[in-house]
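Taken in sequence, the protein lines are chains A and B. Here the first sequence stands for residues 1 to 356, numbered as in my numbering. Here the second sequence stands for residues 1001 to 1356, numbered as in my numbering. Even for Gly, the Cβ is constructed at its ideal location relative to N, Cα and C. On a predicted model such as this, the values are computed, not experimentally measured, just so you know. Structure, as structure tokens:
There are 2 protein chains.
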Amino acid sequence: MLFVHCRVRAGLSGVSGLTVVTIKDVAARAGVSPKTVSRVINGEAHVRADKREQVLRVVRELDYRPNAFARSLSSSRSYLLGFLTDDPSSGYAADVQLGALKRCRERSYHLLVEPIDRADPHWARELAGTLGTLRLDGIMLTPPLCDDRKVLEVIEAADLPYVRISPSGEEDRSGYVRMDDQAAAAEMTRHLISLGHKRIGFLKGDPAHSASRKRFAGFVEAMIAAHLPIDPAIVLEGDFSVRSGVELGETLLSATDRPTAVFATNDDMALGVLMVAMKHHLNVPDQLAIGGFDDAPTSRLAWPQLTTIHQPKAAMAAAAVDMLTDPYYRQAENSIGFRRSLDYQLKVRGSTVPDA
Amino acid sequence: MLFVHCRVRAGLSGVSGLTVVTIKDVAARAGVSPKTVSRVINGEAHVRADKREQVLRVVRELDYRPNAFARSLSSSRSYLLGFLTDDPSSGYAADVQLGALKRCRERSYHLLVEPIDRADPHWARELAGTLGTLRLDGIMLTPPLCDDRKVLEVIEAADLPYVRISPSGEEDRSGYVRMDDQAAAAEMTRHLISLGHKRIGFLKGDPAHSASRKRFAGFVEAMIAAHLPIDPAIVLEGDFSVRSGVELGETLLSATDRPTAVFATNDDMALGVLMVAMKHHLNVPDQLAIGGFDDAPTSRLAWPQLTTIHQPKAAMAAAAVDMLTDPYYRQAENSIGFRRSLDYQLKVRGSTVPDA
DNA sequence: CTGAAAGCGCTTACAG
DNA sequence: CTGAAAGCGCTTACAG
Chain A
1 MLFVHCRVRA GLSGVSGLTV VTIKDVAARA GVSPKTVSRV INGEAHVRAD KREQVLRVVR
61 ELDYRPNAFA RSLSSSRSYL LGFLTDDPSS GYAADVQLGA LKRCRERSYH LLVEPIDRAD
121 PHWARELAGT LGTLRLDGIM LTPPLCDDRK VLEVIEAADL PYVRISPSGE EDRSGYVRMD
181 DQAAAAEMTR HLISLGHKRI GFLKGDPAHS ASRKRFAGFV EAMIAAHLPI DPAIVLEGDF
241 SVRSGVELGE TLLSATDRPT AVFATNDDMA LGVLMVAMKH HLNVPDQLAI GGFDDAPTSR
301 LAWPQLTTIH QPKAAMAAAA VDMLTDPYYR QAENSIGFRR SLDYQLKVRG STVPDA
Chain B
1001 MLFVHCRVRA GLSGVSGLTV VTIKDVAARA GVSPKTVSRV INGEAHVRAD KREQVLRVVR
1061 ELDYRPNAFA RSLSSSRSYL LGFLTDDPSS GYAADVQLGA LKRCRERSYH LLVEPIDRAD
1121 PHWARELAGT LGTLRLDGIM LTPPLCDDRK VLEVIEAADL PYVRISPSGE EDRSGYVRMD
1181 DQAAAAEMTR HLISLGHKRI GFLKGDPAHS ASRKRFAGFV EAMIAAHLPI DPAIVLEGDF
1241 SVRSGVELGE TLLSATDRPT AVFATNDDMA LGVLMVAMKH HLNVPDQLAI GGFDDAPTSR
1301 LAWPQLTTIH QPKAAMAAAA VDMLTDPYYR QAENSIGFRR SLDYQLKVRG STVPDA
């Protein structure tokens, strides 16, 4: 039996001249039933070794690829994971996405990025629509979306397993991956203190992100442990944007009794402070030390480079994919066993230590 | 007839208690055939107005969402578009992705991001596998992938329509969206000349990107038009990375006869030059003017902010999605009618003009 | 260990 | 303008 496997190049025109190989073709050529091919493809047990070999050989010969849609339609799995983000162009989202993408690839899953714009009054309907029409195997989400009850409700209403990255609370609601923000912020604070700084300005982040609270707690913890006073006048609330770093930096640096160090709790705000320092012709780090948080790509694009806390974003995303693709995750009665805390790292660079 | 539409919240446990509404349910309740429901859903003609209304009402009542997999399996459309990128975490990719994502949303399409790592020896097999198993409706790709013959061959072998963003050549091979890099670079050069600069350093980009050649051509064009000499000693070849900006910037700025302005042909390299200028305590823009290219988010995170060329990346991506979702695109015998050139914009900021 | 039958939820092609 | 039948390419549930 000769099987003609013809692929016609069609260029721009999509009029299909493509012969698509199906499971039946493979079965016929291998002399087994489609069900047996299915078993081999899906790595199920109970197939005699010689048949398995035979099937695999034909699969290779025919360059067979199972149709993902057919598979999804008849089974309960789509091999599709969703990544929900409210700010897809941010460096944070990009890092998380990349980590997820790589792990998905390894697991033969694909990633669908779904931006959620909560300023759009129809966002919940749209999300429900997407989840209803595409049957994703699971969803990964980051702050602040993972702390939004309405978002979680929509996902739960669609009966979808999800994993939160750096969630704020409700530990029992799903599996999650996080990092100890408080300990990290305490470490950064101790780093500044160890350099001799006593008067340290602090820029809080967006109060909607739980990380803001934790990072502040870490700062307070370290200051108190070092018996240093915390001056409320130089503890300001920002929103994680460069703009707020600039505005609050201006406030801090134009005061007569300005701090010798500023701990901005993300790199964007730290960059804003750095810009203001440059404008004021302050030498960084000699006249002003600046600490950031996140290890965003931009933290190395500054001069001097920013001392920061490396958040293992890609690793967190990979861990989230691992949970979602774990066959036991769906059935788990609770999230115990699906909670991971990954390590952060203090990156000492030029913005706190000269020539570092 | 009472239809009980029950949705059971399942939280972590994915054991489905979800009643899924199908086209049959809608048909039964509306008193028509599934085919008629299908016609209404897909906006086909030839449905009596009252039946249409009736169907739409039931769709709303039942909160019906067509199953994307069933639809894809039986028709030739998946409503899935692919975005191929070799550097998913770059700002460029993020901007393109965001533009594509938004337009996809408007058109009820979804975007699948597929990173291609050409350093992986199996990349072509993997890509072919993805394209074979998922039947995407089309693919969007950016430099340098869109200039890689092997990549295009794999896509063409899968008989998939694709649109290139800023391709280098082979205009007839597919539809494309681009920007006039040469004109933009000429405009930036004229801007520097108009400020009185005569000795202008130039940093070329990665020779693998065709944009590098075009931007250099624009520089040459404007210099010649202004009767200014081009000194090969200060025309250096980089690779679009911050690192190369730093290295080449060091070379340019430590020379005795250093230029008064540097045109780095992307923002990352420009940022590198800016960092070196800071290190050398050169006042920017007074002692050294710096021009970038791209209007990357980082161009505004620097101090001073970078004068640059705004590349309409999101708009280009949206235009690419428009082409791919145009029913005529697939059938087009050639790409005429599917070529668009979008406008760039010179953004004058502090790195060339004080207080701009 | 293996396979025949039925079905996933839509659309296509056809008939009227 | 409308619908009954067949089929897309797999997997599930069942039988042996």
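Contact list for residue i against chain A, beta-carbon separation under 8 Å
i, result
"H1110/B", "L112, E114, T130, L134"
"P1088/B", "A94, Q97, L98, L101"
"N1067/B", "L73, T133, R135"
"L1271/B", "L301"
Which of helix, strand or coil DSSP assigns to residue i
i, result
"R65/A", "coil"
"G1082/B", "strand"
"S90/A", "coil"
"Q1345/B", "strand"
"V273/A", "helix"
"L1288/B", "coil"
"P1115/B", "strand"
"D1257/B", "coil"
"T352/A", "coil"
"T22/A", "coil"
"L12/A", "With a pLDDT of 41 at L12/A, under the threshold of 50, the modelled position of this residue cannot be trusted, and the question is left open."
"D267/A", "helix"
"R340/A", "strand"
"V1059/B", "helix"
"T958/B", "Here chain B has residues from 1001 to 1356 only, and residue 958/B is not among them."
"V40/A", "helix"
"D120/A", "coil"
"V1262/B", "strand"
"M1001/B", "Because the pLDDT of M1001/B is 32, which lies under 50, any placement of that residue in the model is unreliable, and the number read from its coordinates should be weighed accordingly. M1001/B: coil per DSSP, three-state reduction."
"D50/A", "helix"
"D95/A", "helix"
"A317/A", "helix"
Reference residue i; option with closest CA among the options
i, options, result
"A1068/B", "R65/A, S72/A, L127/A", "S72/A"
"T298/A", "L1080/B, L1271/B, H1280/B", "L1271/B"
"D50/A", "R65/A, P66/A, V32/A, E61/A", "V32/A"
"L1146/B", "A1211/B, A1233/B, H1046/B", "In the sequence on display, residue 1146/B carries Cys and not Leu. Checking every option, the nearest Cα to that of C1146/B belongs to A1211/B."
"D1095/B", "T1260/B, A1317/B, P1259/B, P1327/B", "A1317/B"
"S1090/B", "A296/A, G337/A, R349/A", "A296/A"
"V265/A", "G238/A, L282/A, V246/A, V154/A", "According to the sequence displayed, residue 265/A carries Thr and not Val. It is G238/A whose Cα lies nearest to the Cα of T265/A."
"V276/A", "V21/A, R243/A, E153/A", "R243/A"
"F263/A", "N42/A, A158/A, I116/A, G205/A", "G205/A"
"L101/A", "L80/A, A27/A, A225/A, G337/A", "L80/A"
"K1214/B", "A1157/B, T1019/B, F1293/B", "F1293/B"
"L203/A", "D268/A, P143/A, S174/A", "D268/A"
"G1291/B", "K1313/B, V1273/B, H1281/B", "V1273/B"
"E170/A", "A157/A, D148/A, A158/A", "D148/A"
Neighbour list for residue i in chain A, Cβ cutoff strictly below 7 Å
i, result
"T1298/B", "T298, L301"
"M1278/B", "W303"
"M1275/B", "W303"
Under 9 Å from the C-beta of residue i: neighbouring residues of chain A
i, result
"V1321/B", "Near V1321/B there are no residues of chain A at all, since even the closest Cβ is about 14 Å away, more than 9 Å."
Partner residues on chain B for residue i, Cβ-Cβ distance less than 7 Å
i, result
"V242/A", "L1301"
"L145/A", "Residues of chain B passing the Cβ test: none, with the nearest at roughly 15 Å."
"V70/A", "The sequence shown places Ala at residue 70/A, rather than the Val named in the question. Under the 7 Å cutoff, chain B gives L1073."
Chain B residues whose Cβ lies nearer than 8 Å to that of residue i
i, result
"S78/A", "F1069"
Inset, instruction - Would you mind listing the beta strand (DSSP E) stretches within the region 1134–1202 of chain B that are 3+ residues and don't spill past its ends, in chain order? - result: Listed in chain order, the complete beta strand (DSSP E) runs (minimum 3 residues) inside the region 1134–1202 of chain B are 1138–1141, 1162–1165, 1175–1179.
Legend entry - Sequence ranges, beta strand (DSSP E) only - wholly within the region 1196–1249 of chain B, length at least 3: Those beta strand (DSSP E) runs which fall completely within the region 1196–1249 of chain B and span 3+ residues are 1200–1204, 1235–1237.
Legend entry - the region 163–171 of chain A in contact with the region 107–120 of chain A per 3-pair CB rule at 8 Å: The region 163–171 of chain A, when compared against the region 107–120 of chain A, does not touch it at the 8 Å Cβ threshold.
Legend entry - Given 8 Å, three or more beta-carbon pairs between the region 1071–1088 of chain B and the region 1052–1059 of chain B: Three or more Cβ pairs closer than 8 Å define a contact, and the region 1071–1088 of chain B falls short of that threshold against the region 1052–1059 of chain B.
Legend entry - Any 3 or more C-beta pairs closer than 8 Å across the region 246–260 of chain A and the region 170–178 of chain A: Here the region 246–260 of chain A does not lie against the region 170–178 of chain A, with fewer than 3 beta-carbon pairs under 8 Å apart.
Inset, instruction - Report yes or no: do three or more beta-carbon pairs, one from the region 181–194 of chain A and one from the region 309–316 of chain A, lie closer than 8 Å? - result: Touching, per the Cβ criterion.
Inset, instruction - Determine, using beta-carbon pairs with one atom in the region 1318–1326 of chain B and one in the region 1135–1149 of chain B, whether at least three such pairs fall under 8 Å. - result: For the pair of segments examined, the region 1318–1326 of chain B was found to touch the region 1135–1149 of chain B: the number of CB pairs separated by less than 8 Å reaches three.
Legend entry - Any 3 or more C-beta pairs closer than 8 Å across the region 31–47 of chain A and the region 1019–1039 of chain B: As far as the Cβ criterion goes, the region 31–47 of chain A does not touch the region 1019–1039 of chain B, which means the pair count is below three.
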